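Notes to accompany the following structure.
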Amino acid sequence: MEDTVQVIALNNPIKLIGKVFTGSYSGASSYVSAVQNELTSAQIPFIPYKICGIYYDNPEVTLADEQRSFQGVVTEGNTDLSETSLTAIDMLGTFLYTKVTGDPTQAIMKGYGDLFAYIHAHQTKLKSNAGYQILTFSEGLVTTEIYMEISES
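When the letters of the sequence shown are read in order and numbered with the numbering used here, they come out as residues 128 to 280.
Next comes the structure, spelled out in structure tokens:
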């Protein structure tokens, strides 16, 4: 239900480290593993049970091998990535937000359903169609937080 959606202001950025991949969104876990392996090789710390993905394309419209996403991890503080192929993104601004728990495939569908119902009901203008997802694994549960940035105008 859309009542699970909140408008939140991120004044302290959520720090993401990763890189853009082109290919089926179903390969996200292998993309994240590649980022984690590169960070481990470079001895750069990250939060081990907190991963992220930013999904730029609508998978119902874009062919699987053309889908673009940023995949990576969540970290704290500033990190020197000069010896890696990775980039950092600071999530900062005003976002629609929802949090769902359970099997990621089903939970993510529910979360986006709630977000799009809210967007439609409130005529919310988004900065882009990109959906930011942060997954946290804890005690056998997966919690997915989904953010969509709101346009300032």
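Don't be surprised by glycine CBs; every beta carbon is placed ideally from N, CA and C.
If you're wondering where the values come from, they're calculated on a predicted model, not measured in any experiment.
| query | result |
| --- | --- |
| Limits of the beta strand (DSSP E) - the one that G199 falls within | R195 to T202 |
| Coil, strand or helix - K252 by DSSP | coil |
| Proximity below 8 Å, CB of S196 to CB of Y245 | no |
| Same chain, Cβ closer than 6 Å to K226, neighbours up to 5 away in sequence not counted | E272 |
| L253 versus E276: straight-line alpha-carbon distance, rounded | 6 Å |
| Anticipated Cβ contact below 8 Å, V200 with G145, distance rounded | 7 Å |
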